[in-house]
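Undergrad: Here it is, the structure in full.
Chains as they are written, first to last, in this note's numbering: chain A, 269 to 380; chain B, 777 to 888.
Next comes the structure, spelled out in structure tokens:
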């Protein structure tokens, strides 16, 4: 079983909708939780991160972690066509030396 | 400030040929990583380095070798390419003990 599970989609929603992207993980040692955004034929770029449980908000984006259920979420409000991309959740147990564990990524399409 | 750059952008190899992928970063990062990204598999760590002259194996190291002779460069070598190594290769770098990784634009490799 892969340590981070993520539905690959595609997920298609109309412009202006609220988008919910989710991941589950199995290793309780994971402490840092990140969302990367990857546009087509580009490298991933960090969008948001959280440490341990709780919420973090940045503009239209909210990241949420529930360690009790090992569930990671990213919410996008007022979605825009420019949000169309693949969203990758990632975790590590701290330290960063051994790289990140990524989900497979969810392909999101925002329809104008 | 170019960030993380990768050379070449595209390459086609025949089975059994060898090649070296070059990654360079100008952010003075200690840690550097090589990932491969395959459809349905997500990003997987091949090798990583926590400093000049040091390397370590990641999740999928077989068939690859790496070297970190200079702090700013991280080389990934394929000694005898196989079709299973057809993939998009991403290099990333980060500060020590930090979870935020900066990715390069990727190298698309096809092995026929």
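All C-beta atoms, glycine included, are put in the ideal place defined by N, C-alpha and C.
To the nearest angstrom, report how far apart residue 351 of chain A and residue 291 of chain A are at their CA atoms.
TA: Walking along the first chain from the start, residue 351 of chain A turns up at place 83. Walking along the first chain from the start, residue 291 of chain A turns up at place 23. Each residue's alpha carbon lies about 18 Å from the other.
Undergrad: I'd like the ranges of any beta strand (DSSP E) spanning at least 3 consecutive residues and lying wholly in the segment 794-829 of chain B.
TA: Taking only runs of at least 3 residues, the beta strand (DSSP E) segments lying wholly in the segment 794-829 of chain B are 795-801, 807-814, 818-827.
Undergrad: Quick check: the segment 843-856 of chain B against the segment 799-815 of chain B, are there 3 or more CB pairs under 8 Å?
TA: Touching, per the Cβ criterion.
Undergrad: Is the beta carbon of residue 340 of chain A less than 8 Å from the beta carbon of residue 328 of chain A?
TA: For the purposes of this step, residue 340 of chain A is identified with residue 72 of the first chain, where counting begins at 1. For the purposes of this step, residue 328 of chain A is identified with residue 60 of the first chain, where counting begins at 1. Not a contact, by the Cβ cut-off of 8 Å.
Undergrad: So, does the CB of residue 721 of chain B fall closer than 8 Å to a CB anywhere in chain A?
TA: Nothing about residue 721 of chain B can be read from this structure; chain B reaches only from 777 to 888.
Undergrad: If distances are taken between C-alpha atoms only, which option among A/310, A/375, A/319 comes closest to residue 865 of chain B?
TA: By 1-based counting over the second chain, the position of residue 865 of chain B is 89. Checked all of A/310, A/375, A/319; the closest Cα to residue 865 of chain B is A/310.
Undergrad: Using a beta-carbon distance cut-off of less than 7 Å, what residues from the segment 299-310 of chain A approach chain B?
TA: Taking 7 Å as the Cβ-Cβ cut-off against chain B, the residues of the segment 299-310 of chain A that qualify are 300, 302, 310.
Undergrad: Assess, as a yes-or-no matter, whether the segment 781-792 of chain B is touched by the segment 810-823 of chain B under the definition of 3 or more beta carbon pairs within less than 8 Å.
TA: With a cut-off of 8 Å, the segment 781-792 of chain B and the segment 810-823 of chain B do not count as touching, because too few Cβ pairs lie within range.
Undergrad: List, in order along the chain, the chain B residues whose C-beta lies closer than 7 Å to that of residue 370 of chain A?
TA: Counting from 1 along the first chain, the entry for residue 370 of chain A is found at position 102. Ordered by position in chain B, the residues that pass the 7 Å Cβ test against residue 370 of chain A are 818, 819.
Undergrad: Quick check on the burial criterion: 16 or more other C-beta atoms within 10 angstroms. Buried or exposed for residue 287 of chain A?
TA: To locate residue 287 of chain A, count along the first chain from 1; it is residue 19. Flag for residue 287 of chain A reads buried.
Undergrad: Please look up how many angstroms separate the CB atoms of residue 271 of chain A and residue 294 of chain A, rounded, as I've assumed it's under 8 Å.
TA: Locating residue 271 of chain A in the first chain gives position 3, counting from the first residue. Locating residue 294 of chain A in the first chain gives position 26, counting from the first residue. That belief holds up - the Cβ atoms of residue 271 of chain A and residue 294 of chain A are roughly 5 Å apart, short of 8 Å.
Undergrad: In chain B, which residues lie less than 7 Å from residue 339 of chain A when you measure between Cβ atoms?
TA: Within the first chain, numbered from 1, the residue matching residue 339 of chain A stands at position 71. Neighbours of residue 339 of chain A on chain B: none; closest Cβ ~18 Å, over 7 Å.
Undergrad: Sorted by chain position, which residues of the same chain lie with C-beta nearer than 8 Å to residue 878 of chain B's C-beta, five sequence neighbours on each side aside?
TA: Looking up residue 878 of chain B in the second chain gives position 102. Contacts found: 779, 780, 801, 803, 805, 868, 869, 870.
Undergrad: Say whether chain B places a C-beta atom closer than 8 Å to the C-beta of residue 323 of chain A.
TA: Position 55 of the first chain, counting from 1, holds the residue named residue 323 of chain A. So no, residue 323 of chain A is outside the interface.
Undergrad: Which word fits residue 815 of chain B, buried or exposed, when buried means at least 16 other C-beta atoms lie within 10 angstroms of its C-beta?
TA: Taking the first residue of the second chain as position 1, residue 815 of chain B is located at position 39. Exposed: under 16 other Cβ atoms inside 10 Å.
Undergrad: At 3 residues or longer, and completely inside the segment 275-362 of chain A: list those beta strand (DSSP E) runs for me, N to C.
TA: Listed in chain order, the complete beta strand (DSSP E) runs (minimum 3 residues) inside the segment 275-362 of chain A are 279-282, 287-293, 300-306, 313-319, 322-326, 329-334, 339-344, 353-360.
Undergrad: Measuring CB to CB, does residue 355 of chain A end up less than 8 Å from residue 368 of chain A?
TA: Your numbering for residue 355 of chain A matches position 87 in the first chain. Your numbering for residue 368 of chain A matches position 100 in the first chain. Contact flag unset, no.
Undergrad: Which bits of chain A does residue 881 of chain B rub up against, with CB to CB less than 7 Å?
TA: Residue mapping note: residue 881 of chain B aligns to position 105 of the second chain, counting from 1. Per Cβ cutoff of 7 Å: 310, 311.
Undergrad: If the criterion is Cβ atoms closer than 8 Å, does the pair residue 794 of chain B and residue 858 of chain B meet it?
TA: For the purposes of this step, residue 794 of chain B is taken as the residue at position 18 of the second chain. For the purposes of this step, residue 858 of chain B is taken as the residue at position 82 of the second chain. Contact: no.
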